[in-house]
Amino acid sequence: MKCPFCQHDDIQVLDTRVSEEGDAIKRRRRCVNCDKRFTTWERIELTMPYVVKKNGSRTEYSADKLRASLMLALRKRPVAAESVDKAVSSIEEKLLTSGQREVDSVFVGELVMAELKRLDKVAYIRFASVYKNFEDLAEFQDAIEEVGDGQELSPKA
């Protein structure tokens, strides 16, 4: 490492501390040449996996696309933005901890469906109908019964 002030490469580490969150290391350093001090931080750099689409093309993961998909399914539903943010974070954590460099869009879709099922059952049905490409009412009925814990659907009187 070079000194940011004089570009000399003889640096001493004076102090090392772990951050309160435990996710970074702070080092206080001193340049032997100019005697100036500076701080460096070490953090793990996690990268999201690429998403492999059904047609085989690869694209970078996009939190914006994920959030937009969730918001579309949750449109006009009583779900707080904070809950959507937590769902996005949960999905991202699962993608990161998968340890994969690439994940199928199907895997991402299943993660989205799991979060929507937990957040709002109507939004889950909306998303599932497009994601699973429902072609008839029986498929809707099956999905509704799945989230309705086996309750029969009956029209409201």
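Under the numbering used here, residue 1199 is the last one in the sequence shown; the count climbs by one each step, no gaps. Cβ coordinates follow ideal geometry from the N, Cα and C atoms, glycine included.
{"Query": "Glu1181: first and last residue of the uninterrupted alpha helix (DSSP H) it sits in", "Result": "1179 to 1189"}
{"Query": "Phe1169 in three-state terms, based on DSSP", "Result": "helix"}
{"Query": "Cβ-Cβ distance between Arg1168 and Ala1115 below 8 Å", "Result": "yes"}
{"Query": "Coarse secondary structure for Asp1106, derived from DSSP in three states", "Result": "helix"}
{"Query": "Leu1137, buried or exposed, once every other Cβ within 10 Å from all chains shown has been counted against 16", "Result": "buried"}
{"Query": "Buried or exposed by the 16-neighbour rule on C-beta atoms within 10 Å, applied to Cys1045", "Result": "buried"}
{"Query": "Minimum C-alpha distance to Thr1058 - residue among Thr1081, Phe1182, Cys1073, Asn1075", "Result": "Thr1081"}
{"Query": "Per-residue burial, Ile1067 [other beta carbons within 10 Å of its own, 16 or more giving buried]", "Result": "exposed"}
{"Query": "Val1150, buried or exposed, once every other Cβ within 10 Å from all chains shown has been counted against 16", "Result": "buried"}
{"Query": "First through last residue of the beta strand (DSSP E) which encompasses Asp1057", "Result": "1053 to 1060"}
{"Query": "Bounding residues of the alpha helix (DSSP H) (the contiguous stretch that carries Asp1146)", "Result": "Element bounds for Asp1146: not the alpha helix (DSSP H) but the beta strand (DSSP E), 1144 to 1146."}
{"Query": "Whole alpha helix (DSSP H) elements within the region 1078 to 1132, 4-residue minimum", "Result": "1105 to 1115"}
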